[in-house]
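Report on the following structure.
2 protein chains.
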Amino acid sequence: MKLKDLGEFNFINRISESIRSSGRVVKGIGDDAAVLEHTKNKYLLFTTDMLIEGKHFHKRDKAELVGRKSLSCSISDIAAMGGVPRFAVISIGFPGYLDLKYADKLYKGIKKVAERFKVDLVGGDTVSSGKIVINIALTGEVEKENLILRSGAKENDAIFITGNIGGSIKSRHLNFTPRLKEARILVKNFKINSMIDISDGLLADLGHILEESDKGAVICEKAVSVSKDATGFDSAIRDGEDFELIFTLPERYADKLESMWPFKTRLSRIGRVLNGSKGFTLVRKNGKSGKINPAGFTHF
Amino acid sequence: MKLKDLGEFNFINRISESIRSSGRVVKGIGDDAAVLEHTKNKYLLFTTDMLIEGKHFHKRDKAELVGRKSLSCSISDIAAMGGVPRFAVISIGFPGYLDLKYADKLYKGIKKVAERFKVDLVGGDTVSSGKIVINIALTGEVEKENLILRSGAKENDAIFITGNIGGSIKSRHLNFTPRLKEARILVKNFKINSMIDISDGLLADLGHILEESDKGAVICEKAVSVSKDATGFDSAIRDGEDFELIFTLPERYADKLESMWPFKTRLSRIGRVLNGSKGFTLVRKNGKSGKINPAGFTHF
Numbered sequence: 039m040k041l042k043d044l045g046e047f048n049f050i051n052r053i054s055e056s057i058r059s060s061g062r063v064v065k066g067i068g069d070d071a072a073v074l075e076h077t078k079n080k081y082l083l084f085t086t087d088m089l090i091e092g093k094h095f096h097k098r099d100k101a102e103l104v105g106r107k108s109l110s111c112s113i114s115d116i117a118a119m120g121g122v123p124r125f126a127v128i129s130i131g132f133p134g135y136l137d138l139k140y141a142d143k144l145y146k147g148i149k150k151v152a153e154r155f156k157v158d159l160v161g162g163d164t165v166s167s168g169k170i171v172i173n174i175a176l177t178g179e180v181e182k183e184n185l186i187l188r189s190g191a192k193e194n195d196a197i198f199i200t201g202n203i204g205g206s207i208k209s210r211h212l213n214f215t216p217r218l219k220e221a222r223i224l225v226k227n228f229k230i231n232s233m234i235d236i237s238d239g240l241l242a243d244l245g246h247i248l249e250e251s252d253k254g255a256v257i258c259e260k261a262v263s264v265s266k267d268a269t270g271f272d273s274a275i276r277d278g279e280d281f282e283l284i285f286t287l288p289e290r291y292a293d294k295l296e297s298m299w300p301f302k303t304r305l306s307r308i309g310r311v312l313n314g315s316k317g318f319t320l321v322r323k324n325g326k327s328g329k330i331n332p333a334g335f336t337h338f
Numbered sequence: 039m040k041l042k043d044l045g046e047f048n049f050i051n052r053i054s055e056s057i058r059s060s061g062r063v064v065k066g067i068g069d070d071a072a073v074l075e076h077t078k079n080k081y082l083l084f085t086t087d088m089l090i091e092g093k094h095f096h097k098r099d100k101a102e103l104v105g106r107k108s109l110s111c112s113i114s115d116i117a118a119m120g121g122v123p124r125f126a127v128i129s130i131g132f133p134g135y136l137d138l139k140y141a142d143k144l145y146k147g148i149k150k151v152a153e154r155f156k157v158d159l160v161g162g163d164t165v166s167s168g169k170i171v172i173n174i175a176l177t178g179e180v181e182k183e184n185l186i187l188r189s190g191a192k193e194n195d196a197i198f199i200t201g202n203i204g205g206s207i208k209s210r211h212l213n214f215t216p217r218l219k220e221a222r223i224l225v226k227n228f229k230i231n232s233m234i235d236i237s238d239g240l241l242a243d244l245g246h247i248l249e250e251s252d253k254g255a256v257i258c259e260k261a262v263s264v265s266k267d268a269t270g271f272d273s274a275i276r277d278g279e280d281f282e283l284i285f286t287l288p289e290r291y292a293d294k295l296e297s298m299w300p301f302k303t304r305l306s307r308i309g310r311v312l313n314g315s316k317g318f319t320l321v322r323k324n325g326k327s328g329k330i331n332p333a334g335f336t337h338f
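Chains as they are written, first to last, in the working numbering: chain C, 39 to 338; chain A, 39 to 338.
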């Protein structure tokens, strides 16, 4: 059997099932970041992301934006846990023929994001490689009471997303802003039950929340704010790398959240969490509804 | 200017000079691992290592050994700081055509090392890549009084190395044992002034200690235990990836250390730290001595 036949998710599951962890691990593989015992009041968060030329960015993309993206992805993971980022180590594989200016600009992009989000760049490894490879490992911290997992969604929770989704491949995947300040306001002021960032697509990532929480959901097409870059709703909900937040909270707080939302970033209430036996339903603009497969295939 | 003309060390220096760090960073780029404020009595250590197919291992190498090496390199970094490893996150780039068995064996190698050294594997990222790329980021902890930096070597310190050096490319670079238990015994029982692991070669890595400590050294050829895999002393001191320890401690403790050394791993007292103006001297087996350049070129 080849790896491509198994798929990334299944391979990660395959690994994680066989790993034994010590009592210091609160949550290992299977959320946006690992959650580890740290101090009396805080957990340590830990995440890693690898970006490869030709897949996550192209040689023609501006080096500074590639650097920006590489650290922003990891900050987005920490934000989705409710935490704040702290320390990053960066490994880079560079072809020897690469111009020094490219490498300098890439680091400039990383440094700008690090300064903006108060991340300390504390270590690195530079190796020679045929293609450019960037790996960022990032730690963070979260107050124990503010930790949000994928697995906490409750029946009748309202489902919200930030921003507009879809078509990020046109440009936004390189210059998005991780929703750190939004996530921190949310976890400090509301009873958020579950949260994830959109890296695999709205449908797939909401699917992760539902699967981990053993719940279903109903989503309203008309409530989802689709980006002008997307080719329509049906592709927008499958497009990856939006790096927006999906989160759920008890319905009774939803109005208050909408009325006090202090950011320019759009906030959309797109649906509701159902009990686990009811699956994943989409209500179309014309009022028709049907089951939908979070893996990405609609059945109507 | 191309990256290959600048070289890895100079590029890392170039980056680190421009990075501003917060007060939480005790030691950033420029040692085996970053040292970060953590708890009242302990520092957090943080390191990252990227291994690329064709450079750090070959497709023909056994997958389990490649996995073993990838985590062992990082544990060696934590050991060289005097600490113990804790949590690892692993990013892997795999070609889609790769057989699942290869991936499983690679993870098996990582897991075996993790279990032996009590490392929790807490997260991962799997992406598709033309060549196999493995990145491991590892945290560790060290009691504040046991932290050892490269920069602490003192005049007249005795210089020691563990194991035999040179020629690790023949096989040892894939199946070495990181010197964690040796390093822990050292830092808990002796006043170790400086330590590093040998990744770039004895000469280059001792050179890092001397440069960071602003010291010179004299090394005796006959005291250096050269591996049977090496093609001779002159290449052995330049060969990389021994993953042995180099450390220095005050001369008055050297005899005691040699007499109580409890391990099978060889311990060799190879020289002495000199004041900074005396450079780097090699005493040949025939008694002749001359200056040597830690970058790897002998002047006699």
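Glycine included, each C-beta is placed from N, C-alpha and C at the ideal position.
Only a predicted model underlies this, so the values are computations on that prediction, with no experimental measurement involved.
- When DSSP states are grouped into helix, strand and coil, residue 179 of chain C belongs to the strand group.
- In this structure, DSSP gives residue 219 of chain A a helical state, which the three-state scheme calls helix.
- Assigned with DSSP and collapsed to three states, residue 296 of chain C falls in helix.
- For residue 271 of chain C, DSSP assigns no beta-bridge partner whatsoever.
- Three or more beta-carbon pairs drawn from the segment 113–133 of chain C and the segment 79–91 of chain C are found closer than 8 Å, and the two stretches are therefore classed as touching.
- Contacts with chain C at 9 Å (Cβ-Cβ) do not include residue 116 of chain A.
- Taking 9 Å as the cut-off, the beta carbon of residue 228 of chain A is found closer than this to the beta carbon of residue 291 of chain A.
- The beta-carbon of residue 266 of chain A is placed no less than 9 Å from the nearest beta-carbon of chain C.
- Residue pairing for residue 64 of chain A: DSSP places it in no beta bridge.
- Distance from the CA atom of residue 92 of chain C to the CA atom of residue 237 of chain C, rounded to whole angstroms, is 17 Å.
- With a 10 Å radius around the Cβ and a threshold of 16 neighbouring Cβ atoms, residue 163 of chain C comes out buried.
- The beta carbon of residue 243 of chain A is closer than 8 Å to those of 234, 235, 236, 237, 284 in its chain, skipping five residues each way along the sequence.
- Listed in chain order, the positions of the segment 233–253 of chain C with a beta carbon within less than 7 Å of a beta carbon of chain A would be empty, since no residue qualifies.
- Per the coordinates, the alpha-carbon of residue 90 of chain C lies some 7 Å from the alpha-carbon of residue 172 of chain C.
- At least one beta carbon of chain A lies nearer than 9 Å to the beta carbon of residue 77 of chain C.
- Closer than 9 Å to the CB of residue 74 of chain C there is at least one CB belonging to chain A.
- For residue 87 of chain C and residue 327 of chain C, the gap between their C-alpha atoms comes out near 37 Å.
- The shortest CA-to-CA distance from residue 215 of chain A to any of A:97, A:110, A:322 is the one to A:110.
- Between residue 132 of chain C and chain A, the shortest Cβ-Cβ separation is below 9 Å.
- When the five nearest sequence neighbours on each side are left out, the beta carbons in the same chain lying within less than 7 Å of the beta carbon of residue 246 of chain C are those of 188, 234, in order along the chain.
- Counting only Cβ-Cβ distances below 9 Å, residue 168 of chain C has contacts in chain A at 90, 92, 168, 169, in chain order.
- The Cβ neighbour count for residue 300 of chain C, taken over all protein chains shown within 10 Å, is under 16; the residue is labelled exposed.
- The beta carbon of residue 60 of chain C sits closer than 9 Å to some beta carbon of chain A.
- For residue 145 of chain A, same chain residues with a beta-carbon under 7 Å away, outside a window of 5 residues either side, are 105 in chain order.
- Taking C-beta separations shorter than 8 Å and ignoring five residues to either side along the sequence, the partners of residue 303 of chain C in its chain run 200, 201, 217, 220, following chain order.
- In this structure residue 176 of chain A does not touch residue 117 of chain A by the C-beta definition: roughly 11 Å separates them, more than the 8 Å allowed.
- Spanning the alpha carbons of residue 183 of chain A and residue 231 of chain A requires a straight line of approximately 12 Å.
- If you look at residue 331 of chain C, you'll find it in the beta strand (DSSP E) that goes 327–331.
- Per DSSP, residue 185 of chain A lies in no alpha helix (DSSP H) and is assigned neither H nor E.
- In the three-state reduction of the DSSP assignment, residue 78 of chain A falls in the coil class.
- If you draw a straight line from the Cα of residue 96 of chain A to the Cα of residue 209 of chain A, it comes to about 12 Å.
- Residue 318 of chain C has C:255 as its beta-bridge partners, per DSSP.
- With its beta carbon at least 9 Å from every one in chain C, residue 319 of chain A lies outside the interface.
- Against chain C, the CB of residue 129 of chain A has a partner CB under 9 Å away; the residue lies at that interface.
- At a cut-off of 9 Å between beta-carbon atoms, residue 145 of chain C makes contact with chain A.
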